[in-house]
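Working notes for the structure below.
Residue numbers (this note's numbering): 7 to 337.
Right, here's the structure in full:
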């Protein structure tokens with residue numbers, strides 16, 4: 007057994023203290039023959055510190071495309087030649103999407119907008135949309151609307167949005183290679199305000215943007231410092247017309263190493279499968295990740311890419327005897 011796994015068994019599984027950056031790097035560079043052991047340990051950590059339940063979430067885009075930012079992985083940027091065009095969703099469609107999400111057994115419904123940050127029109131749409139959903143659907147509402155002002159944070163709390171997603175996307179040292187129209191620090195400031203407001207913080211990123219394995223470890227350590235309630239883990243699904251459109255997808259074993267490493271860095275965090283797992287891991291790898299530290303999934307399609315059918319994921323969770331987390335009784 008590699009020394010880092012022995013250390014993690016005592017420190018993370020035993021004491022609930024996550025690995026530091028050096029420890030994460032050691033897991034990310036484990037030889038293939040130790041990958042199964044790392045995944046098994048990560049699963050034990052997840053079961054001990056999070057329990058067997060899996061949180062299921064659906065997402066919908068309130069405002070798609072036409073974003074002024076230049077995130078190099080994103081087909082919703084208005085600066086690239088990718089085929090996504092600007093579209094707004096009306097309130098009845100938003101409510102219907104929430105109903106369909108709830109019908110899968112999901113406890114969480116996230117409203118997403120492709121913007122630098124919300125303007126008055128978007129905040130008004132959010133206020134009306136959240137009120138309509140809460141009146142008709144028994145589901146928790148989350149939001150992802152870009153960078154916020156303090157006033158907007160307060161407005162979202164008042165609306166009843168319980169969790170806010172704002173991904174750091176990658177580590178601080180690599181971020182300027184991925185986004186140039188705003189800074190990593192600006193994203194961090196929004197996350198600070200969200201945390202202080204009492205909303206739950208959802209923050210993750212995308213692996214496979216061209217970062218080194220050392221930078222991947224740096225990212226895990228920075229997320230652990232933030233201590234978000236939830237970390238969505240995406241794997242790059244290269245989009246035609248974007249600057250990263252010709253990048254190779256992450257190798258399946260590297261993706262699984264990352265899942266184990268991020269779990270061992272953050273033993274109590276909801277670690278959620280998000281975009282790219284279908285092409286990176288496939289069906290067998292998806293199962294391996296759920297038995298290797300993952301304890302949440304986005305079901306159905308993503309914002310601009312197709313996902314697995316929700317029924318496939320729910321059937322797999324049933325086979326693995328992983329109960330879907332019930333709707334919070336605190337609503």
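Think of the CB as a built atom: it goes at the ideal place given N, C-alpha and C, for glycine as much as any other residue.
All of these numbers come straight from a predicted model, not from anything done at the bench.
Under a Cβ-count criterion, where at least 16 other Cβ atoms within 10 Å of its own Cβ denotes burial, should residue 331 be classed as buried or exposed? By one-based count along the chain shown, residue 331 stands at place 325. Buried, because 16 or more other Cβ atoms sit within 10 Å of the Cβ of residue 331.
Selection from 54, 215 and 262 that minimises the alpha carbon distance to residue 243: The residue labelled residue 243 in the question sits at position 237 within the chain shown. Checking every option, the nearest Cα to that of residue 243 belongs to 215.
For residue 210 and residue 325, what's the separation of their Cα atoms in angstroms? As a working note, residue 210 is residue 204 in the chain shown. As a working note, residue 325 is residue 319 in the chain shown. Distance between the alpha carbons of residue 210 and residue 325 is about 27 Å.
Using the three-state DSSP reduction, which class does residue 241 fall into: helix, strand or coil? Position 235 of the chain shown, counted from the first residue, corresponds to residue 241. In this structure, residue 241 counts as strand in the three-state DSSP scheme.
Given residue 219 as reference, the closest of 101, 157, 256 and 249 once Cα atoms are compared: In the chain shown, residue 219 corresponds to position 213, counting from 1. Of the candidates 101, 157, 256 and 249, the one whose C-alpha sits nearest the C-alpha of residue 219 is 256.
Sequence ranges, beta strand (DSSP E) only - wholly within the stretch 75-144, length at least 3: 114-119
Below 8 Å between beta carbons: does that hold for residue 227 and residue 268? Counting from 1 along the chain shown, the entry for residue 227 is found at position 221. Counting from 1 along the chain shown, the entry for residue 268 is found at position 262. No, Cβ-Cβ distance for residue 227 and residue 268 is not below 8 Å.
Ignore the nearest five residues each way along the sequence and tell me which others in residue 328's own chain have a CB closer than 6 Å to its CB. For the purposes of this step, residue 328 is taken as the residue at position 322 of the chain shown. The answer, listed in chain order, is 58 and 60.
Can you tell me the Cα-Cα spacing of residue 125 and residue 112, whole angstroms? Taking the chain shown and counting its residues from 1, one reaches residue 125 at position 119. Taking the chain shown and counting its residues from 1, one reaches residue 112 at position 106. The straight-line gap from Cα to Cα measures roughly 29 Å.
With a Cβ-Cβ cutoff of 8 Å, do residue 200 and residue 166 count as a contact? Counted from its first residue, the chain shown places residue 200 at position 194. Counted from its first residue, the chain shown places residue 166 at position 160. No, the pair does not count as a contact, with Cβ atoms beyond the cut-off.
To the nearest angstrom, how far is the alpha carbon of residue 222 from that of residue 65? Counting from 1 along the chain shown, the entry for residue 222 is found at position 216. Counting from 1 along the chain shown, the entry for residue 65 is found at position 59. For residue 222 and residue 65, the distance between alpha carbons rounds to 26 Å.
Would residue 21 be called buried (16 or more neighbouring beta carbons within 10 Å of its own) or exposed? Residue mapping note: residue 21 aligns to position 15 of the chain shown, counting from 1. Its Cβ having fewer than 16 others within 10 Å, residue 21 is exposed.
If you run the structure through DSSP and keep just helix, strand and coil, what is residue 10? As a first step, residue 10 is located in the chain shown; it is residue number 4 there, counting from the start. Three-state DSSP puts residue 10 in a helix.
Report the three-state DSSP secondary structure of residue 147 (helix, strand or coil). The residue given as residue 147 occupies position 141 in the chain shown. The answer is strand: DSSP assigns residue 147 an E or B state.
Would a C-beta distance cut-off of 8 Å place residue 117 and residue 132 closer than the cut-off? Looking up residue 117 in the chain shown gives position 111. Looking up residue 132 in the chain shown gives position 126. In contact: residue 117 and residue 132 (Cβ atoms closer than 8 Å).
Thinking residue 67 and residue 120 are a contact (beta carbons under 8 Å), I'd like their distance in whole angstroms, please. What you label residue 67 is simply residue 61 of the chain shown in a count that begins at 1. What you label residue 120 is simply residue 114 of the chain shown in a count that begins at 1. Their Cβ separation, rounded to whole angstroms, is 7 Å, which keeps residue 67 and residue 120 in contact under 8 Å.
Please specify which runs of the beta strand (DSSP E), each continuous and at least 3 residues long, are wholly inside the stretch 237-297, giving them in chain order. 276-279
For residue 172, which option in 181, 207, 322 and 50 has the closest C-alpha, if you only look at C-alpha atoms? Along the chain shown, one-based indexing puts residue 172 at 166. Nearest option by C-alpha distance: 207.
When burial is assigned at 16 or more other CB atoms within 10 Å of the CB, is residue 23 buried or exposed? As a first step, residue 23 is located in the chain shown; it is residue number 17 there, counting from the start. By the 10 Å Cβ count, residue 23 comes out exposed.
With a CB to CB cut of under 7 Å and the five nearest residues on each side skipped, what residues in its chain are close to residue 337? The count along the chain shown starts at 1 and reaches residue 337 at position 331. Only weak support is given to the placement of residue 337: the predicted model assigns it a pLDDT of 25, under 50, and the value that follows is read from those uncertain coordinates. For residue 337, where only same-chain residues beyond five positions count, the Cβ hits under 7 Å are 146.
Own chain residues within Cβ distance below 8 Å of residue 266, not counting five before or after: Mapped onto the chain shown, residue 266 falls at position 260. The answer, listed in chain order, is 33, 41, 44, 45, 47, 48, 298 and 299.
C-alpha gap between residue 82 and residue 115, whole angstroms: On the chain shown, residue 82 is found 76 positions in, with the first residue counted as 1. On the chain shown, residue 115 is found 109 positions in, with the first residue counted as 1. Computed Cα separation, rounded: 21 Å.
Just to confirm, are residue 101 and residue 51 a CB contact at a threshold of 8 Å? Residue numbering aside, residue 101 sits at position 95 when the chain shown is read from its first letter. Residue numbering aside, residue 51 sits at position 45 when the chain shown is read from its first letter. Cβ atoms of residue 101 and residue 51: not closer than 8 Å.
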